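Protein chains in written order, with the numbering used here: chain C, 2 to 771; chain Z, 111 to 171. To start, the structure itself, in structure tokens.
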Amino acid sequence: MSDRKITIEYNDKVVRQFLLASVIWGAVGMLVGMLVASQLNYWRLNFDLPWLTFGRLRPLHTNAVIFAFVGNMMFAGVYYSTQRLVKARLASDFLSSLHFWGWQLIIVAAAITLPLGFSRGKEYAELIWPINIAVAFIWVVFGVNFFWTLARRHEPALYVAIWFYIATIITVAMLYIVNHLSIPTSLLHSYPVFGGVQDALVQWWYGHNAVAFFLTTPILGIMYYFVPKAAERPVYSYRLSVIHFWSLVFVYIWAGPHHLLNTSLPGWLQALGMTFSLMLWAPSWGGMLNGLLTLRGAWHKLRTDPVLKFFAAAITFYGMATFEGPLLSIKSVNALAHYTDWIIGHVHAGALGWNGFMAAGMIYWLLPRLWNKPLYSVSLANLHFWLGTVGILLYVAAMWTSGITQGLMLNATTENGTLLAYPSFLDTLNAIRPMMLFRVVGGGLYLVGWLLLTYNLYRTVKGAKAVNGTVEVFITERLAEERLGFGAMVVNPPVIFSCFGTLFACAWMFGNDFTKLAGLIGTVFCVMLAWLHFGARTHRWAAWYDRLLLNALPFTILTFIAVAAGGMIQIIPTTLVNRADNIEGRRAIPYTPLEIAGRDIYVSEGCYNCHSQMIRTLVPDVLRYGDYSRLGESIYDYPFQWGSKRTGPDLARVGGKYPNLWHYRHLLNARDVSPGSNMPNYPWLFTNKTDVAALTSKLAVQRLLGVPYPEYEEGELLLLVSTQEKAIADDLHAAGVTVAPDREIVALIAYLQKLGKSELVAPRKVAGSE
Amino acid sequence: MFRRLLFENWVSLFPLIALITAGSVYLTIFYRAVRMKSAQIDRFARLPFESETSIPADESK
Chain C
2 MSDRKITIEY
12 NDKVVRQFLL
22 ASVIWGAVGM
32 LVGMLVASQL
42 NYWRLNFDLP
52 WLTFGRLRPL
62 HTNAVIFAFV
72 GNMMFAGVYY
82 STQRLVKARL
92 ASDFLSSLHF
102 WGWQLIIVAA
112 AITLPLGFSR
122 GKEYAELIWP
132 INIAVAFIWV
142 VFGVNFFWTL
152 ARRHEPALYV
162 AIWFYIATII
172 TVAMLYIVNH
182 LSIPTSLLHS
192 YPVFGGVQDA
202 LVQWWYGHNA
212 VAFFLTTPIL
222 GIMYYFVPKA
232 AERPVYSYRL
242 SVIHFWSLVF
252 VYIWAGPHHL
262 LNTSLPGWLQ
272 ALGMTFSLML
282 WAPSWGGMLN
292 GLLTLRGAWH
302 KLRTDPVLKF
312 FAAAITFYGM
322 ATFEGPLLSI
332 KSVNALAHYT
342 DWIIGHVHAG
352 ALGWNGFMAA
362 GMIYWLLPRL
372 WNKPLYSVSL
382 ANLHFWLGTV
392 GILLYVAAMW
402 TSGITQGLML
412 NATTENGTLL
422 AYPSFLDTLN
432 AIRPMMLFRV
442 VGGGLYLVGW
452 LLLTYNLYRT
462 VKGAKAVNGT
472 VEVFITERLA
482 EERLGFGAMV
492 VNPPVIFSCF
502 GTLFACAWMF
512 GNDFTKLAGL
522 IGTVFCVMLA
532 WLHFGARTHR
542 WAAWYDRLLL
552 NALPFTILTF
562 IAVAAGGMIQ
572 IIPTTLVNRA
582 DNIEGRRAIP
592 YTPLEIAGRD
602 IYVSEGCYNC
612 HSQMIRTLVP
622 DVLRYGDYSR
632 LGESIYDYPF
642 QWGSKRTGPD
652 LARVGGKYPN
662 LWHYRHLLNA
672 RDVSPGSNMP
682 NYPWLFTNKT
692 DVAALTSKLA
702 VQRLLGVPYP
712 EYEEGELLLL
722 VSTQEKAIAD
732 DLHAAGVTVA
742 PDREIVALIA
752 YLQKLGKSEL
762 VAPRKVAGSE
Chain Z
111 MFRRLLFENW
121 VSLFPLIALI
131 TAGSVYLTIF
141 YRAVRMKSAQ
151 IDRFARLPFE
161 SETSIPADES
171 K
């Protein structure tokens, strides 16, 4: 068959749409960030309005920045570069439009539901179940459009950026679906299928890898495409990019447990998380150096070219953030830094420096090309760069100082470690107030820079004609030896030896006496045979890998195996942990129906954004909050509420610590009982009625999840609720305040007074242990 | 001071096994990357540099 030349016009309309959406949502997300940061300094900025409180707006800020700002930017970059790298127009204009409008609809739905208090109570996974389904559906649309485009490509080779996009699509789908598995109790509410430690592990497996595969791998793909384009020279080392991809993708997925160090998470998982986090130094820095060295010979352009300035700074921030991440994953460093502002500083070095600057560089590079008009003002773009850089440095330096101060003060002891040096939590809060103010200033500078970009974009686009890229390609028949079908992918030496090796190794580890021996012999035999076969048939092993680089589907399956392995090895064994006989000597007493109602209010108000419920196995934690938390104490927590930040103190054992009146006054105005507190007021809890009608379906779902609730007779549930409500209201009345028993404040007090109450049970004896 | 976990002993092997597995993957990929042919590397690295033109979006087909 003879070659034929055709002209392909890229679908750049959807790129422009995503790019504009990213700029707009970026400004919104940063503005909300400014507000919530200011609320921490001036509690009155909560305005005593439910939909403007910190606990509800902080999830809006994080979701807006991650999914709306970076998400839209990522889709723009992926669609622009993929079409050019594979020399094919996006497979379906309809799917592209559906992807764009569906994603914006999801963002709008999130922007409405989160301030209204509809939340799943898990960080970066707060959106309610109907929106979760929409996200999964639109992500599938994205995946279908992407892989369909790959199937229609005119370039057989898959550039490394495409590898990163493939890893992003399949891994985010896997993470999102598993972490959002829920059973609905109503149209707007659900409980996660995982509880307690399982939920904690799944959540941070997701949370960490949302950073890895939503905020990092797609942006690395964008880096590998746009930095060479902007610098007008190929990537420094393509070999290094190959090593970077596989090692990063394989290692990243294992590191989630570093978010749960020193908690009641099993020790082996903590060791796993820490070890793999430290291993991440190598691939991350390999990638960073590869990006920076791509600018070799182009450094002089940085003086005048804002695009290269943004890219160089973004890659440098990537290096800083990925050095800091593993450092924070060392258990002793984590003991100081966890729950403090240091983590907030770390996250923002990545979000503002890496993601935000990569977005800015990409947008400034794309604008003239998508609208066929020079950028309105290079000077404004340069000013944006310097404002943004100073803003990030102020922000990060303030948060480092704040976090280290907080950590040192909260962990400081006297009298040979028997007393706390700063027993009042508020001492630490008041010590970091100046740093919190600097954070607002830094964030403000960054936002002003972003608004300059928005203005620059507006002036550039105004009156300009949008253009679509075109390219001429030769249609050639793909050679048969380049194709790799499913059968050929599986039936080949590397896969066969790996499968048998894994099977024998599993038999060796988990089998009984005979299978253990057979497994050991089989593993050794398999390794030796593989080595001999590799020596004799090296070309067959090499040919398989070379063909893999030209075949998207087998490559995708291999990538999926690489990421799924890390998840499975963490999550499957941990499903055993939540068994009621494996609880470290303490078992939670199921919440009463009223306490469940109160707990859902706690989740809805986003209290977990400032209060943890996990006393770590550290002396200062135990001295400050009481005995360390056990696995069994949260087994009935759907969702878990261990938290990740202590703007306020830990609440794991707050039950019974204060009288009901104290909680009443604290929630009405925290400063009445805790002078200097920055907690919002919650006046609506005193007027809103507790949603008792919803309890029937909520308890039915909890029962389904394994919480031992009886089947209540008709009226029994209401009687239980009203009896407990009346007891609390009577107690408050006796203390001098009057409240109707059916108000939300009563349910919330009931829940808070339950925290830390558990029953002692005999620990299960483990075979082989004392 | 703190009594830690009640969990099956075999799982304490997991970090070690995971480390060995990750090391094996890393070495394999390192070997494959180093053995890639220079011509192949150059071709891959130049993929972003295909020349393109543009047409007004309102004239697109």
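The beta carbon of each residue, even a glycine, is placed where N, CA and C say it ideally should be. Please read these numbers as outputs of a predicted model, since none were measured by experiment.
Can you tell which of the options has the C-alpha that lies nearest to the C-alpha of residue i?
i, options, result
"G614/C", "I597/C, R370/C and A653/C", "The question names Gly, but residue 614/C in the sequence shown is Gln. Answer by Cα proximity: A653/C."
"V620/C", "T414/C, T739/C and G656/C", "T414/C"
"N73/C", "V348/C, P51/C and H100/C", "H100/C"
"G568/C", "Y253/C, P742/C and G197/C", "Y253/C"
"L5/C", "V79/C, T477/C and Y166/C", "The residue you asked about is not Leu; residue 5/C is Arg in the sequence shown. When each option's Cα is compared against that of R5/C, the closest is T477/C."
"L309/C", "I746/C, W366/C and H349/C", "W366/C"
"E745/C", "Y752/C, L686/C, L733/C and K758/C", "L686/C"
"L20/C", "R370/C, Q271/C and I331/C", "R370/C"
"A566/C", "F70/C, R59/C, V142/C and V250/C", "V250/C"
"F426/C", "K466/C, G392/C, L381/C and S678/C", "S678/C"
"F215/C", "D743/C, N356/C and N335/C", "N356/C"
Quick one: which chain Z residues come within Cβ less than 7 Å of residue i?
i, result
"N412/C", "Neighbours of N412/C on chain Z: none; closest Cβ ~16 Å, over 7 Å."
"M280/C", "A132"
Check the Cβ-Cβ distances between residue i and every residue of chain C, and say whether any is below 8 Å.
i, result
"A149/Z", "no"
"F154/Z", "yes"
"R145/Z", "yes"
Kindly list, in the order they appear in chain Z, the residues whose Cβ is closer than 8 Å to that of residue i.
i, result
"T264/C", "None at all; the shortest Cβ gap to chain Z is about 12 Å."
"Y546/C", "R142"
"N493/C", "Chain Z residues near N493/C: none, gap ~14 Å exceeds 8 Å."
"T516/C", "Neighbours of T516/C on chain Z: none; closest Cβ ~14 Å, over 8 Å."
"T419/C", "Within chain Z, no residue comes near T419/C; the closest Cβ sits about 13 Å away, beyond 8 Å."
Given that residue i touches chain C, what residues does it touch there, using C-beta distances under 8 Å?
i, result
"L157/Z", "L86, E156, A158 and Y160"
Does the beta carbon of residue i sit closer than 8 Å to a beta carbon anywhere in chain Z?
i, result
"S630/C", "no"
"G257/C", "no"
"K658/C", "no"
"A543/C", "yes"
"G332/C", "Reading off the sequence, residue 332/C comes out as Lys, not Gly. So no, K332/C is outside the interface."
"V674/C", "no"
"S759/C", "no"
"W269/C", "yes"
"N210/C", "no"
"T739/C", "no"
"T83/C", "no"
"S97/C", "no"
"T218/C", "no"
"S285/C", "no"
"Q199/C", "no"
"A763/C", "no"
"G346/C", "no"
"T172/C", "no"
"T276/C", "yes"
"T54/C", "no"
Chain Z partners of residue i, CB-CB under 9 Å?
i, result
"L273/C", "F124, P125, A128 and L129"
"V252/C", "A132, V135 and Y136"
"K374/C", "Under the 9 Å cutoff, chain Z gives no residues; its nearest Cβ is about 11 Å from K374/C."
"S248/C", "A132, V135, Y136, I139 and F140"
Next item on the list: Mind checking the region 227-246 of chain C against chain Z and listing, in chain order, the residues whose C-beta falls within less than 8 Å of any C-beta there?
Entry: Going along the region 227-246 of chain C in chain order, one finds P229, K230, P235, V236, Y239, R240, L241, V243 and I244 with a Cβ nearer than 8 Å to chain Z.
Check: Residues in the region 446-476 of chain C with C-beta within 7 Å of chain Z's C-beta atoms, listed in sequence order?
Finding: So the close ones are K466, A467, V468, N469, G470, T471 and V472.
Note to self: Could you tell me which whole beta strand (DSSP E) segments of length 3 or greater appear in the region 162-207 of chain C?
What the structure shows: Fully contained in the region 162-207 of chain C are the following beta strand (DSSP E) runs of length 3 or more, in chain order: 183-185 and 191-193.
Note to self: Counting only Cβ-Cβ distances shorter than 8 Å, please list the residues of the region 311-325 of chain C near chain Z, keeping chain order.
What the structure shows: For the region 311-325 of chain C, the beta-carbon criterion of a distance under 8 Å to any beta-carbon of chain Z is satisfied by none of its residues.
Item checked: alpha helix (DSSP H) runs contained entirely in the region 244-325 of chain C, provided each spans 4 or more residues -> Whole alpha helix (DSSP H) segments, 4+ residues: 268-280 and 282-294.
Next item on the list: Scan the region 595-682 of chain C and note each continuous alpha helix (DSSP H) run of 4 residues or more that stays entirely inside, going in chain order.
Entry: Whole alpha helix (DSSP H) segments, 4+ residues: 620-626 and 661-669.
Next item on the list: May I have a chain-ordered list of the alpha helix (DSSP H) segments no shorter than 4 residues that lie completely inside the region 484-548 of chain C?
Entry: Taking only runs of at least 4 residues, the alpha helix (DSSP H) segments lying wholly in the region 484-548 of chain C are 487-491, 494-511 and 514-537.
Note to self: Runs of 4 residues minimum, wholly inside the region 323-410 of chain C: which ones carry the alpha helix (DSSP H) assignment?
What the structure shows: Here the runs fully enclosed are 332-338, 342-349 and 358-372.
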